[in-house]
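Heads up: the sequence lines are chains A and B, in that order.
Quick note on our numbering: the first sequence kicks off at -6 and runs consecutively.
Quick note on our numbering: the second sequence kicks off at 5 and runs consecutively.
C-beta atoms are modelled at their ideal positions from N, C-alpha and C, and glycine is treated no differently.
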Amino acid sequence: MFNRRTFLRAAGVCMPLPWLESMAHGSEAARAAGAGPGRAVFFMVPSGVNMWRWHPKEFGPEYQLSSTLAALEPFRKEMTIFSGLEHTKGGGGGHYEVGVWLTGNTKFENKDSLAIGPNTISIDQHIANEIGGRTRIPSLVLSAPGGTVTASFDAKGAPVSAENNLRRLFGELFGSPDVMQRLARRASLLDLVGEQAKSLSKQLGQSDRRRLDDYLESVRSVEGRLQADRGYFASRPLPIDTEDLKLDVDPQRQREDYFKTMLELTALALRNDQTRIVSILTCGSGHEFFAQWPDFGKMSHHQASHGTNFKPEEEEAKSYALLEGVDKWFVAHLARFLQRLNETQDGDGTLLANTMVLYGGGMSWTHQSSNLPMLLAGGSNLGLKHGSHLRFNPHKNFMGQLEKGVKPEETTVSDVLRTMSERLGVAAAGFGGSRQVIDELLA
Amino acid sequence: MNNGSAWHVVGWVAVLATSASLAPADDAVTFDRDVRPLLTRHCVKCHGGEDPAGSMRLDASEASFADAKAREGWEKVYSQLVRGEMPPPEMPRLNPDELEVVTSWIRRESERGLIAERGGAGRTVMRRLTRVEYARLLEDVLGLHFKNVRLNLHERLPIDPQSPELVNDGELLNFQNLHLKSYVDLAERVVAAAITDEPRPEPFTYRIDPRSLEPTKLGNGEGLRGQVAPNEHAGKSWLASVSVVSAERTDAGGVRMPPRYDSFGGGISHNAAWNISVPFFRPTGVLRIRIRAGAIIPPGEGAPVMRVSLNNERVNEKFILDVASITVANAADELRDYEIEVPLELVDFPYILCERSGQMLVQIGNEYVPLGDRIMPPREKGAANVWPWEEPRLVIDEVVITGPGSGQWPPELHRAVTAAGENIADDELRATAILRDVAAKAWRRPVTADEIGPFVALYKQRLADGQSRDGGLREPLVAILVSPQALYLVEHKAARPAALSGMELANRMSFFLWGGRPDGELSGLGISGKLRDPAVLASQVERMLDDSRSEVFITEFVTRLLALERLEHDPINFDLHVRTFSKKPVAEVRERRLEHDLTLEPVRYFGHVLRNNRPVHELIGSDYLIVNDRLAKYYGLAEVEGGEFRVVPAPEDRRRGWLTMAGVVAAASRGNKEATILRGVYLLDRFLGEHPGVPPGNVEPLEAQAKVEKKLKSLPLREQVALHTAVNTCALCHRKIDPLGFVWAEFDHLGKKAARPAGKPDTPAPVVDCSGKLPDGRAFADLAEFAELLNARKESAGSTGRYRFGEVLIRRLTAYALSRPLNLADDKLISSLVQRAESDGWRLREIIKAIIGSESFTSG
C-alpha cells in the first residue's frame, strides 16, 4: 500500500497541495477526475430569530426571498431553504439547542441546568472520524466564546474544545513565528526516544524485539505527521497578507471584524484543503456572550427572544426589530462567506460547488424547536439539487405549535445531517434517529 | 481466508514445521512413527481432504506448532480428545495408551513451539504498561498526589486492547499508529505542571466565616451574603463575594445545608449551596480549599456527601467541574477540616470563560441521595406541603481558599522533582542528577551515567536555545517518561530461560500486586539480590499484600474476573426513578452510587478473604457478607449504619459468597430479564473456567427468536431454551451452557429475589426450579448444591475432578500474575500449585506466595 510516510520521503518536505488526494478512496475516488474533494461547514446561530421575517412565504422554486434572507439573492440557485424542520423526537428546544443541532440527540439535557454535559457524537465529528485523516487537520471546531461552547461532540459525547483565538487559529493554519521551532523541538524529542528504542531492541530476544517494533512504528507515524506539518509550514503555501486579516480583535467589542476574519480563515482553510469539515458556533444559546446589540435596540438579544412568544409583530415591535437586526447581521456574514467560496476556483468548479454549508439554529419562536430556521447552500458538485423552498411537516401551521412531535414518516434535521454526511461518502443511517435521506435534495 | 471458524486450521497445516529445527531431545514419540498413524485411523476420515469437517484438517504429512494459531488448533484437538468429545461415538475410539501418545505429544510440541517463538527463551512477552498503570506511574514519579482530587489521567490515553478475561494480557498491549502522540501529549502536560519556572502568582487567602455574613433573602428561602477580603490584599478588586443559599444557622454559628434535591417545601430550596466567587487569577499551580465540616445524620439515613465544584459563573455558558466528592460522616459537634487540592493545570476546566467573566466560582453543596426507596405519601386535599422525610444535613463552619501563589515558591511539586539536584551549582551536573533520579524512578531500576547521557545532551541543547535552567528540564523529562524503558516492563533475556535479576523480579511483583513501580524497600532488596531468597520473597509478598496499594490488584483482578465493569457499561434498568419520589436527577445519582457499591461488594469480599488469609472456598460459600448501609438496604438487612463496608451475618439466601451477590448476578444477566443462557455462559466461563465458545454469526438471541416464533413464546422457559439451542445446531456448546443458567432462576436481573405476586403479601414465594447439571454430568438441585460441587476440595470418587473452583481461581490468578493467558505448557505449574494449595488448606495468601515463588514467575 502507498502509505503516507513513503510518500513524504519521496516528495521531500515541499509538497504540492492538495497533497493527500492520491490517498483518498471510497466514494470520492469514484467522482469525476478534476473534481475537488467534498467539504462541509456547519454554521450555527442560536437563540431564535424573528419568525415573521425569516422563511419565505411561498414554497417550491418560485419563492420570494424574505427580507431577512434578502442578502442571499445571488445564491438562490445554489441553496435550499427549509420550512417545518424539527428534530427526530420533536424535542431538543430551549437552551439545549446547541447540544442537539448537530447530534439530533433530543434526550440531551443536563442536570446542572445549562452546563455542557455528556452527549452523543455530532455529525461533523462523525464525518471527520471517517475522512478527517485525509487532510492535515481532521476538522475545525470554532466558536466565539471558545472552549466547551460548541455544537461539536466527540464519540464519547464530550464537547470538542472550540478554538476562538484567531491568532492561534491562524498559527494552526499557516504557522506562527515559533511553529517551526516547536515542531523541531518535538522532532528532537522523538528522535531521542526512537534511538532509545533501537538500542534497547538490541538487548532483547526475538519476540520482545517484535513487540518493540510497534512502538517504533508509532514513533515513526507521529514523526510522519510532524514532518507533514513541518513541510507544510516551511513551504508557506499561501502568500497571505496578514495585514488584511484582523487577528487580534476582541470577539465581543469588534464582532464585525471578528466574524469577518473567522470566516475568511475558514474559507482559506477549505481552499487549501487543510481541512474539509468545519463547525462554527457563534455563541452559546441565550446570547450572554453577544447580549447587547446597540445598533438594533436597547434590550438584550436573549430578552428580545423571550419577549416574542408567538405574538404578532406589532405587539412586540421592539423585540422583533432587534431579532431581525441580528438575523440580518449574521445572514450578511453568511452571504459574504458564500460569495468568497463562489469566487474561489476548486478543481473544475467553484469551492462553493464542493462545499455544503448548513446555516441556521435550533430555536425558532421563543424556546421552540419547531419550524427551525435552517438552510443549506453549496455542494452542487456533490450531487445536491438546489433552488427551492422545501416544506416539511405540512400538517403543522407556521407557528408549529398545533401538534407536538413529528410524524414517523416526516423529514427531520437528522435527515438533513445524514444526507450531507452521505454526500461525503460517510454512511450515517440512523444518525440522530434519521429515517431517510432527503430525496428532494438529490440531483 | 476461513473467517467462519474460530481457529484457522487449514492455514496452519500448510505453515511448516520450523519447530523441526529444534534439537530432538527425548523424542520417544515421533509424529511420523507414532502420532500420524493414529490420526489417520481415527480422525482423517472426516478431518481430511479439501473440505474437512469443522475446517480441521489432520492429514498433513508434517505438523507445525510454530505460531499461535497452529498451537491453538492443536490445543483444540487435545481438549476434544481428553474430554471424549472426539472421535464421535460412531467412530472407533482411541484406547487410553493411544490417547496418552497423542496428548503427551501435543503437550510437548506445543510448549516447544511457544518457547521457539519467544526467542528461544522467555516464557512471558515483554509487555507495555496498561494505560491505568502508566498514569499511575506518572503520578508516582512526579508526585502528582492531591488531597481529595482524582486526576484520572489515564482517560487521556487511548483505550487499551484487552481480552475479556485479562486486563493486562501482554500479547494484546501494543501501540497503534498515532497512539504514542497521546502519551507524549500527556507527559508534556504533567511535566509542564510539575516544573515551574514562572514568577510567583499573586498570593491570596480568603477565610470565610459564616458568622461574618449577613442574613438575607435568597432564592426560595433564607440565606447569607457578604464580601470577604483576602489576607494579603486590600482594595475592592480583590473582594470575593459569598452567598450561602438555603442555609440555616447552627447554634454554634455554622451553617447547615440540606441535600440539593429537596425542593418540596418547608422553605428549603433545591439549590442549597455555598457560592464563593473569587476574582480571576492566573490558573497555574495548586488551589487549596479547606472546609471545616461535620454532619447531622437522622436515623436510617446515610452521611451527606460534600460536593465541591468549579464554575465559571456564566449564565448559558456555564461549565461545572466537580473536583471533589467527600463523604462527611463526623458529627457536627466534632468538626473536621477537609482539604481539597486542585492542580489547576491538570483538571480540564475552560479557564478562558472565567478570564472573561473575571470570576472563578467555587461551589460547595450537599449531594446526598436517599439510600433506599422512597415513595411520596399521598397528600390530603388542602393539607400543607410537608416534606415527609428528615434529611442528613451538611454542617460547614468555615471555608478557607488559598491561592497557588501563597506558601512556598517554587511549589512543593517542583522541589520534589528537582530534589536530586539540590545544592549542585553547575547546571549540567545538576540536570544530570535530576534526570538520573527521575529516570531511575520511571524506569524502575538503577540508571547509569551513560544511559542518561543523551537526555543531558538534549538539556544542553535546550539551554543553548535560550530556555531557563529549570525550563530546559522539561523536554528531557518528557523524553524519559515516554521512553520504552518507562512504557514497557523490560526484562533482559538470555538464550535459555534463566532467573530474573532482582530488580526485574521486584518489578514483576509490584506490577502484579500494586499495579505500579516498586517502592524503596523492594527496590533495595531487588538491587542487592536478596529478593531472590525465598524467605525474603515471602515476607515481601506479605508486606505488599498488607500495604494499601494492594487494593489495585484486588480491584482490577476481581472486577475483570467477574466482569463487574458491566454494571456501569451495560444498560441495566434499576427503575430507581419510580422509587425515588420521581426525581430523575436524584434517581440517576442514586443509581450511580448503587452500581458503585454493587461493584465494590465482591471486591471488598475478596479483600477480606485475602487480608485474613482465608481459604478460597469462602469466596463461594460463607455465613457472612461484607456490606455498607446502602447494600444492607438493598438486601433488606437490619440496620447497618455508615458507608464503610463491614462484616455482617449473611441471611439464609445469601450464603454462597460471590454466587449470591447482587452485583455478580446483575453482571451475569447484563440487564436482561430473561438471561438463562447469558448466565450459563458467565458461569461456565468465570466459575467453571471453560471458554464457552463463539456462537455462529447468524444466531438470534432467545428473546428476538421468541418474538418471531409465537409458538416458542408460549412454551415454558426451560423448553424455550431447549428449542433455541436445538434449532441452531449449537448443542455442542449449549449442552454445557444451558443447564448451568437455571441455578440463578430465583434471582431477577438486578440480583434480587423474585418478588411475591403483587397484592398478596401472605402467599408464599413461588417455588422456583433451580436444578441443572455441570457439563460433566453431575446434577445439582439448587444453588447450594451447585456451589458444593464446585467447592469439592479433594477429587472425590466418582467425579471426574474437573470444574473445581479453587483451581479455576488459581488459573486466573496465575494468568494475571504472568500477564498472559495460560496454555497447555502451564498445566504442570497449575497442578503443582493446586497440590500446594491442597496441603496449605487453600489459603489465598499462600496461593499468591506460591505463584510468586514459582519458576514461571521468577524466571524469564
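Would you say residue i and residue j are within 8 Å of each other, going by their C-beta atoms?
i	j	result
A/Ser194	B/Leu184	no
B/Glu175	B/Val248	no
A/Ile130	A/Gln267	yes
B/Ala791	B/Val772	no
A/Ser40	A/Leu383	no
B/Gly369	B/Arg449	no
A/Leu183	A/Glu216	yes
B/Arg583	B/Ile624	no
B/Glu605	B/Leu580	no
A/Leu375	A/Asn347	yes
B/Ala1	B/Leu146	Outside the modelled stretch of chain B, which goes from 5 to 864, sits residue 1 of chain B, for which no answer is possible.
B/Gly745	B/Gly684	yes
A/Leu258	A/Leu334	no
B/Val631	B/Glu622	no
A/Ser152	A/Gly277	According to the sequence displayed, residue 152 of chain A carries Pro and not Ser. Not in contact: A/Pro152 and A/Gly277 (Cβ atoms no closer than 8 Å).
A/Leu185	A/Thr405	no
B/Arg658	B/Leu629	yes
B/Arg397	B/Arg260	yes
B/Asp144	B/Arg674	no
B/Val346	B/Leu417	no
B/Arg215	B/Leu222	no
B/Leu526	B/Ser514	yes
To the nearest angstrom, how far is the alpha carbon of residue i from that of residue j?
i	j	result
B/Gly755	B/Arg512	37 Å
A/Glu402	A/Pro387	12 Å
B/Val747	B/Val652	25 Å
B/Arg570	B/Arg596	13 Å
B/Ala21	B/Leu177	Any answer about B/Ala21 is weak, because its pLDDT of 30 lies below 50 and its placement is not dependable; what the coordinates show is given next. Approximately 28 Å, taken between the alpha carbons.
B/Tyr820	B/Ile814	10 Å
A/Gly164	A/Val172	8 Å
B/Ala679	B/Pro382	37 Å
B/Glu54	B/Pro488	46 Å
B/Ser800	B/Arg132	Note that B/Ser800 scores 49 on pLDDT, short of 50, meaning its location in the model is unreliable and no value can be drawn from it.
A/Gly290	A/Thr99	33 Å
B/Glu656	B/Arg849	28 Å
Is residue i close to chain D? Criterion is C-beta to C-beta, closer than 8 Å.
i	result
A/Arg416	Of the protein chains in the structure, A and B, none is chain D.
Just confirm the distance between the C-beta atoms of residue i and residue j, as a whole number of angstroms; I'd bet it's less than 8 Å.
i	j	result
B/Pro458	B/Thr200	The pair is not a contact, with the Cβ atoms about 25 Å apart (cut-off 8 Å).
A/Ser407	A/Thr81	5 Å
A/Tyr313	A/Trp45	7 Å
Select from the options the residue whose C-alpha is nearest the C-alpha of residue i.
i	options	result
B/Leu325	B/Gly864, B/Gln84 and B/Leu348	B/Leu348
B/Ser65	B/Pro41, B/Met507 and B/His46	B/Pro41
B/Asp431	B/Ala196, B/Pro408, B/Arg473 and B/Ala443	B/Arg473
A/Gln437	A/Leu351, A/Arg428 and A/Phe282	The first residue shown for chain A is -6 and the last is 436, placing residue 437 of chain A beyond what the model contains.
B/Gln180	B/Leu190, B/Ile163, B/Glu192 and B/Ala783	B/Ile163
B/Leu190	B/Gln231, B/Pro168, B/Gly77 and B/Arg140	B/Arg140
B/Leu477	B/Met95, B/Trp518, B/Ala443 and B/Ser250	B/Ala443
B/Lys497	B/Arg112, B/Leu43, B/Asp101 and B/Ser863	B/Ser863
B/Arg782	B/Phe809, B/Ala120 and B/Pro743	B/Pro743
B/Leu365	B/Pro374, B/Val373, B/Glu371 and B/Tyr355	B/Tyr355
B/Asn867	B/Pro575, B/Val556 and B/Tyr210	Residue 867 of chain B falls outside the range modelled here, since chain B spans only 5 to 864, and no answer is possible.
B/Gly306	B/Glu546, B/Trp662 and B/Leu375	B/Leu375
Determine contact between the segment 281 to 291 of chain B and the segment 242 to 256 of chain B, defined as no fewer than three beta-carbon pairs at a distance below 8 Å. yes
Check whether the segment 490 to 503 of chain B and the segment 466 to 480 of chain B touch, using three or more Cβ-Cβ pairs below 8 Å as the test. no
Do the segment 547 to 566 of chain B and the segment 336 to 355 of chain B make contact, defined as three or more Cβ pairs closer than 8 Å? Between the segment 547 to 566 of chain B and the segment 336 to 355 of chain B there are fewer than three C-beta pairs closer than 8 Å, too few to call the two in contact.
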